[in-house]
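Line by line, the protein sequences are chains C and F.
End of the first sequence = 194 in this note's numbering, gap-free, step of one.
End of the second sequence = 413 in this note's numbering, gap-free, step of one.
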Amino acid sequence: MSAVLQELRARLGALQSHSASAAFPYSLLPNGLPRGALAEITGPGKTEAAAQLLAENPHLRCAWIEKRFSLLPSALLQREVNLQKIFFVEAGEQSAWAASLILRSGIFPLVVYSAPYGEERELRRLQLLSERSSATTLLLGDQPQTDAWPIRLSLVSHGRRLQVRKGG
Amino acid sequence: MRVLCLLLGEKPERLQSLAESCLAFSPQIALSREAVFLEIGASRSLFTEKECIQRLKELLKSADWKAKMGLADNPASALAFARYGGASVEQLPVEALSEYLQPFAPEPFAGAEVFRKLGVATLGDFKKIPRVELPSRFGKPGLLAYERLLNANQVAWPRFRPEEKIQERVDFDCAAQIETFEPVFFLLKTAFQRIFLRLYARRQLLAAFTVTFHLNRLASHGTRARITEIRLPLPQGELKSVLSLSDERLRKELELRPLEDALEGVSITVADTAPNANAQRDFFSKVEEEREAWSSLVGRLQERLGPQAAFLAAPAPRLLPEASWKKTLDEKERGTFVETPLRPLRLLAPPLRLQRSGDWLVSADYRRWRFTSFRGPEKLQGEWWLEGFEREYFHVETTTDALWVFTAPVGKQEGSPRGLWLHGVYD
Chain C
27 MSAVLQELRA
37 RLGALQSHSA
47 SAAFPYSLLP
57 NGLPRGALAE
67 ITGPGKTEAA
77 AQLLAENPHL
87 RCAWIEKRFS
97 LLPSALLQRE
107 VNLQKIFFVE
117 AGEQSAWAAS
127 LILRSGIFPL
137 VVYSAPYGEE
147 RELRRLQLLS
157 ERSSATTLLL
167 GDQPQTDAWP
177 IRLSLVSHGR
187 RLQVRKGG
Chain F
-13 MRVLCLLLGE
-3 KPERLQSLAE
7 SCLAFSPQIA
17 LSREAVFLEI
27 GASRSLFTEK
37 ECIQRLKELL
47 KSADWKAKMG
57 LADNPASALA
67 FARYGGASVE
77 QLPVEALSEY
87 LQPFAPEPFA
97 GAEVFRKLGV
107 ATLGDFKKIP
117 RVELPSRFGK
127 PGLLAYERLL
137 NANQVAWPRF
147 RPEEKIQERV
157 DFDCAAQIET
167 FEPVFFLLKT
177 AFQRIFLRLY
187 ARRQLLAAFT
197 VTFHLNRLAS
207 HGTRARITEI
217 RLPLPQGELK
227 SVLSLSDERL
237 RKELELRPLE
247 DALEGVSITV
257 ADTAPNANAQ
267 RDFFSKVEEE
277 REAWSSLVGR
287 LQERLGPQAA
297 FLAAPAPRLL
307 PEASWKKTLD
317 EKERGTFVET
327 PLRPLRLLAP
337 PLRLQRSGDW
347 LVSADYRRWR
357 FTSFRGPEKL
367 QGEWWLEGFE
377 REYFHVETTT
387 DALWVFTAPV
397 GKQEGSPRGL
407 WLHGVYD
């Protein structure tokens, strides 16, 4: 009986430790990308930075939301991204709704959001949903949102490196 | 043998659905005109009698069915307990002999009145009559009733065969004009609940269904029903996801095209199913839960955004950059990847026409890039069996961005001048 209990505890422990790790490993950030938070990457090279994160976490399931789909998935494959783990959504004007739905589903630990953002209420909703589902929402934008307090980590891409503008 | 009887007080046409839902508890089911019988004695290793009764109560409640229950060692006693109540066979009224004579098709027992006049009010009293006196006092029916009462468990069970077609209809108490979707939603919820109970018992998932709005049958116009077909992107086994998807679709449809008349009720007919191999949940794995959540998510996104808007991608064996991948929903599809030089992550569709002016590249929408260096060309041509193409690609470094541009003939004629297009950005 005790052997069975021990095995049960070990399996439950494994499940708990799996879900409790605090950050995704990311070579461009010494402490990794935090879980359950809103982060943004802006500037030229932001998509490459997101692709690198995915390449370094090949088992990570990711939802990639675009307002108008302009990604080249075969180019992601060239960067060693596991394409089978990426779920693409072309959401148009309903990108925020799609992101909320995806975060609520709890399937994806990472959501890449490549659509205009900045409205505080919308960001706050994404932040709450990210926290609740322990998922990270990575916003890809042209300009950093200076006053957007729900964004915990703001990064600016300069070619092949990232500069931390806020958080970290 | 332990037999549980569910005696339906109203609408016996629901018996078929109830019996089918009960297949989740026991494979040995029998159906009479007013009751469903389950043999649960052989399922004791799966659940206790108490658990089974509790789960059946929840099933009845969720599907909005009302039934009386009786549990005994044989079908006749179970039916009699369900109908008359009581804890022992001896306390049952003598009218219960009809249940013992024909448990699966009981008829009112003609001799009950005679028994009562003679002071035989219960089955306990009936049992006290010496057997040898029965034929002379009550004739053949009396002896037969006695034999059946003593050997009630020696009865052949009729075979239950679920109906081929799965259909559930739920009606309002009286036809109602529909101004908001909420009343329809509640009808749909009950109907779907019953559909999923039946599908669960068959170990099947819902793949496609039709929703029929039954309009006022006394209406002067010709339309009596409106039918909407819904095919789910992925088969689903959970009420919640299908209900939210149907809600979105039907709400929109009724807003655009309101019902012509008062609504009597709604029926749902299953048009297509898929096998549910993983009906038994694994406590240590979230795979089934995630699969359900995934199906629901894809369904809702495609319903709102369009069938092509939510997808996985797989490489395709084509040289044309924009055709080098395809949309899929199969996680296992790996596709065929063609080795090429590094492509940009962002691709413009359609490519943007550029003009070169000195060190500047100028687009038709007046965006400008000052180029500093370039690499290339990478010549791509082929696919003559389709439209055919011939392009020379360059990786262009500008002061702000890294661009992927190509030159190609402007016209289709031989020797036509070459134009410049921006096709991608290394973002």
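Note that the Cβ used here is the ideal one computed from N, Cα and C, for glycine as well.
For residue j and residue i, believed in contact at Cβ under 8 angstroms, the rounded distance
{"i": "C/Tyr139", "j": "C/Leu103", "result": "No, C/Tyr139 and C/Leu103 are not in contact; Cβ-Cβ is about 22 angstroms, not under 8 angstroms."}
{"i": "F/Glu368", "j": "F/Glu378", "result": "The sequence shown places Gly at residue 368 of chain F, rather than the Glu named in the question. With 8 angstroms as the limit, F/Gly368 and F/Glu378 do not qualify as a contact, their Cβ atoms being about 14 angstroms apart."}
{"i": "C/Val107", "j": "C/Ile91", "result": "Contact flag wrong, Cβ pair sits at about 16 angstroms."}
{"i": "F/Glu317", "j": "F/Leu298", "result": "6 angstroms"}
Beta carbon of residue i nearer than 8 angstroms to that of residue j
{"i": "F/Thr255", "j": "F/Leu191", "result": "no"}
{"i": "F/Ala138", "j": "F/Ser63", "result": "yes"}
{"i": "C/Leu195", "j": "C/Ala161", "result": "With chain C running from 27 to 194 in the structure shown, residue 195 of chain C is simply not present."}
{"i": "F/Leu65", "j": "F/Pro89", "result": "yes"}
{"i": "C/Leu79", "j": "C/Phe50", "result": "yes"}
{"i": "F/Leu129", "j": "F/Thr108", "result": "no"}
{"i": "F/Pro261", "j": "F/Arg189", "result": "yes"}
{"i": "F/Val197", "j": "F/Ser232", "result": "yes"}
{"i": "F/Pro330", "j": "F/Val411", "result": "yes"}
{"i": "F/Phe360", "j": "F/Glu383", "result": "yes"}
{"i": "F/Leu287", "j": "C/Ala77", "result": "no"}
{"i": "F/Ile164", "j": "F/Leu245", "result": "yes"}
Own chain partners of residue i with C-beta closer than 8 angstroms, once the 5 adjacent residues on each side are dropped
{"i": "F/Ala177", "result": "Glu154, Arg155, Val156, Val252, Ser253, Ile254"}
{"i": "F/Ser29", "result": "Phe11, Ser12, Cys38"}
{"i": "C/Ala46", "result": "Because C/Ala46 sits at a pLDDT of 49, beneath the cut-off of 50, its placement in the model cannot be relied upon, and the point is left open."}
Whole-angstrom distance between residue j and residue i, CA atom to CA atom
{"i": "F/Arg184", "j": "C/Leu34", "result": "34 angstroms"}
{"i": "F/Glu35", "j": "F/Glu250", "result": "39 angstroms"}
{"i": "F/Ala296", "j": "F/Ile216", "result": "18 angstroms"}
{"i": "C/Pro60", "j": "F/Gly401", "result": "57 angstroms"}
{"i": "F/Gly405", "j": "F/Glu325", "result": "27 angstroms"}
{"i": "F/Cys160", "j": "F/Tyr70", "result": "32 angstroms"}
{"i": "F/Phe392", "j": "C/Gly167", "result": "27 angstroms"}
{"i": "F/Leu482", "j": "F/Ala194", "result": "Outside the shown range of chain F (-13 to 413) lies residue 482 of chain F, about which nothing can therefore be said."}
{"i": "C/Glu66", "j": "C/Gly144", "result": "11 angstroms"}
{"i": "F/Ala187", "j": "F/Lys151", "result": "14 angstroms"}
{"i": "F/Arg332", "j": "F/Lys47", "result": "54 angstroms"}
{"i": "F/Ser281", "j": "C/Thr163", "result": "22 angstroms"}
{"i": "F/Pro94", "j": "F/Cys8", "result": "27 angstroms"}
{"i": "F/Glu241", "j": "F/Arg277", "result": "32 angstroms"}
{"i": "F/Lys175", "j": "F/Glu289", "result": "19 angstroms"}
{"i": "F/Glu239", "j": "F/Arg19", "result": "39 angstroms"}
{"i": "F/Ala162", "j": "F/Glu168", "result": "12 angstroms"}
{"i": "F/Arg134", "j": "F/Phe182", "result": "39 angstroms"}
{"i": "C/Ala36", "j": "C/Ser28", "result": "12 angstroms"}
{"i": "F/Phe158", "j": "F/Gly223", "result": "26 angstroms"}
{"i": "F/Cys(-9)", "j": "F/Lys54", "result": "8 angstroms"}
{"i": "C/Gly118", "j": "F/Asp413", "result": "20 angstroms"}
{"i": "F/Gln294", "j": "F/Pro221", "result": "18 angstroms"}
{"i": "F/Ala98", "j": "F/Val141", "result": "22 angstroms"}
{"i": "F/Ser349", "j": "F/Trp390", "result": "13 angstroms"}
{"i": "F/Leu42", "j": "F/Phe67", "result": "17 angstroms"}
{"i": "F/Arg342", "j": "F/Pro336", "result": "19 angstroms"}
{"i": "C/Leu149", "j": "F/Phe199", "result": "40 angstroms"}
Candidates the options, of which the one nearest residue i by Cα
{"i": "F/Leu218", "options": "F/Phe146, F/Lys398, F/Ser227", "result": "F/Ser227"}
{"i": "C/Arg151", "options": "C/Ser121, C/Glu82, C/Ile133", "result": "C/Ser121"}
{"i": "F/Glu308", "options": "C/Leu97, C/Pro142, C/Leu129, C/Val137", "result": "C/Leu97"}
{"i": "F/Ala248", "options": "F/Leu220, F/Arg203, F/Pro363, F/Ala5", "result": "F/Arg203"}
{"i": "F/Arg243", "options": "F/Leu220, F/Arg212, F/Pro261, F/Ala257", "result": "F/Arg212"}
{"i": "F/Leu338", "options": "F/Thr385, F/Leu331, F/Tyr352, F/His409", "result": "F/His409"}
{"i": "F/Lys103", "options": "F/Glu85, F/Phe124, F/Ala91, F/Pro94", "result": "F/Phe124"}
{"i": "F/Leu305", "options": "F/Thr322, F/Arg290, F/Pro293, F/Thr314", "result": "F/Thr322"}
{"i": "C/Pro99", "options": "F/Pro301, F/Ala82, F/Trp143", "result": "F/Pro301"}
{"i": "F/Phe101", "options": "F/Phe112, F/Pro92, F/Ala394", "result": "F/Phe112"}
{"i": "C/Gly69", "options": "F/Ala388, F/Tyr86, F/Trp407", "result": "F/Ala388"}
{"i": "C/Leu127", "options": "C/Ser183, C/Lys93, C/Ala89", "result": "C/Ala89"}
{"i": "F/Trp370", "options": "F/Phe67, F/Lys398, F/Ser3", "result": "F/Lys398"}
Beta-carbon proximity list for residue i, same chain, < 6 angstroms, skipping 5 on both sides
{"i": "C/Ser43", "result": "Any reading at C/Ser43 must be qualified, since the residue scores a pLDDT of 49, below 50, and its modelled position is unreliable; the value itself is stated next. Around C/Ser43: no qualifying Cβ."}
{"i": "C/Arg87", "result": "Lys111, Phe134"}
{"i": "C/Gln189", "result": "Val182"}
{"i": "F/Val106", "result": "Val80, Phe112"}
Residues of its chain near residue i, where Cβ-Cβ distance is below 7 angstroms and the 5 sequence neighbours each way are ignored
{"i": "C/Arg178", "result": "Pro60, Ala63, Leu64, Ala65, Gly193"}
{"i": "F/Ala5", "result": "Ile15, Leu17, Val22, Phe146"}
{"i": "F/Met(-13)", "result": "Glu25, Gly27, Asp59, Asn60, Asn139"}
{"i": "F/Leu1", "result": "Leu(-6), Leu17, Val22"}
{"i": "C/Arg191", "result": "Pro170, Ser180, Leu181, Val182"}
Cross-chain neighbours of residue i in chain A, by beta carbon under 9 angstroms
{"i": "C/Pro70", "result": "The structure shown contains no chain A; its protein chains are C and F."}
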